[in-house]
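Input: a single structure, listed below in structure tokens.
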Amino acid sequence: MIKFFRRIRQRLLTENKFYKYLLYAFGEIVLVVIGILIALQINNWNEEQKNKAIEQQLLISLLQEFETNLTILTKTIETNTAIIEGSLEIGKFTGPSLPIISEKEMSQNMVDAFK
1 MIKFFRRIRQ
11 RLLTENKFYK
21 YLLYAFGEIV
31 LVVIGILIAL
41 QINNWNEEQK
51 NKAIEQQLLI
61 SLLQEFETNL
71 TILTKTIETN
81 TAIIEGSLEI
91 GKFTGPSLPI
101 ISEKEMSQNM
111 VDAFK
């Protein structure tokens, strides 16, 4: 293909057809520019696809992290609720009138309050 274009160029120069040679040169430059633009467009598209794949991985990772954090937070809330309830039960044993409670119930209240 390159030999073909070289022959055309040499023939135009030897036949003193400078105007046609300029048109040929301009056409060759346009073809090169079009080729470069196509290559850049393909490269941009490829980079965009890579960025979308990375974005999807990050979104999946964030979703998993949010789900893990939600589970941990739910367990922490449950634990804190049990501690508060145990503390309130122990608080009932202070004051002027003390209720009668078994040692087992008292131990359970202490465990619940100080988890």
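Take the sequence shown: its position 51, counting from 1, is numbered 51 in this note's numbering, and each next residue is one higher. All C-beta atoms in this analysis are idealised placements derived from N, C-alpha and C, irrespective of residue type, glycine included.
Separation of residue j from residue i, as counted between CA atoms
i, j, result
"I8", "I36", "23 Å"
"L73", "I84", "16 Å"
"G86", "E78", "12 Å"
"T76", "I90", "21 Å"
"E105", "T71", "30 Å"
"E48", "L23", "37 Å"
"A82", "L88", "10 Å"
"I184", "K3", "Residue 184 cannot be examined here, being either before or after the span of the chain that is shown, 1 to 115."
"V33", "K20", "20 Å"
"A39", "L31", "12 Å"
"E53", "L62", "The identity of residue 53 in the sequence shown is Ala, whereas the question assumes Glu. Distance between the alpha carbons of A53 and L62: 14 Å."
"R6", "N43", "30 Å"
"Q56", "N80", "36 Å"
"R11", "F18", "11 Å"
Cβ-based burial, residue i [other Cβ within 10 Å; buried from 16]
i, result
"N46", "exposed"
"N109", "buried"
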